[in-house]
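Down below is the structure, laid out as structure tokens.
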Amino acid sequence: MAVARWRDRVARAVWAVCATLALVLAAAAFTFALEANGDNGLVTLIRDVADTVDMGFFDLDNPVKEFDGKNALVKTALFNYGIAAVVYLVLGRVLERVIRP
3 MAVARWRDRV ARAVWAVCAT LALVLAAAAF TFALEANGDN GLVTLIRDVA
53 DTVDMGFFDL DNPVKEFDGK NALVKTALFN YGIAAVVYLV LGRVLERVIR
103 P
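Note that this note's numbering has the sequence shown beginning at 3, numbered continuously upward.
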């Protein structure tokens, strides 16, 4: 019984971490969409954390898909950070199902 309870808590923690990381990526994409002030400390923090957790594949410096033209940075951020957020949500749900008894 104690092992099942422990596995349940770990599964919840894994899901919470993955959901939080997805939320950070979505918030970072939102800061680009709103053209938030890059000098603001909170905006900088969110963008820096998103840049750290984007797994390198969805990085804005070397994106999976890069858009050209008007609002290119906004579109690139929304696409790449959005895909990364979905990956974290799927990964978190799969890991949660594997870990949970």
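Beta carbons: idealized from backbone N, C-alpha and C, even for Gly.
Just so you know, these numbers come straight off a predicted model, no measurement behind them.
By the criterion of a C-beta distance shorter than 7 Å, residue 23 is surrounded in its chain by 55 and 90, once the five residues flanking it on both sides are discounted.
Between residue 103 and residue 6, the C-beta gap is smaller than 9 Å, which places the two residues in contact.
With a threshold of 16 other beta carbon atoms within 10 Å, residue 98 meets it and is buried. In this structure, DSSP gives residue 7 a helical state, which the three-state scheme calls helix. Look at residue 49 here: in three-state DSSP terms it is helix. For residue 66, the three-state secondary structure derived from DSSP is coil.
With contacts defined by Cβ atoms closer than 9 Å, residue 45 and residue 38 form a contacting pair.
Counting only residues of its own chain and dropping the five nearest sequence neighbours on each side, residue 60 has a CB closer than 7 Å to the CB of 66, 82, 83, 85 and 86. Membership of residue 38 in any alpha helix (DSSP H) is not indicated, and neither H nor E is assigned to it by DSSP.
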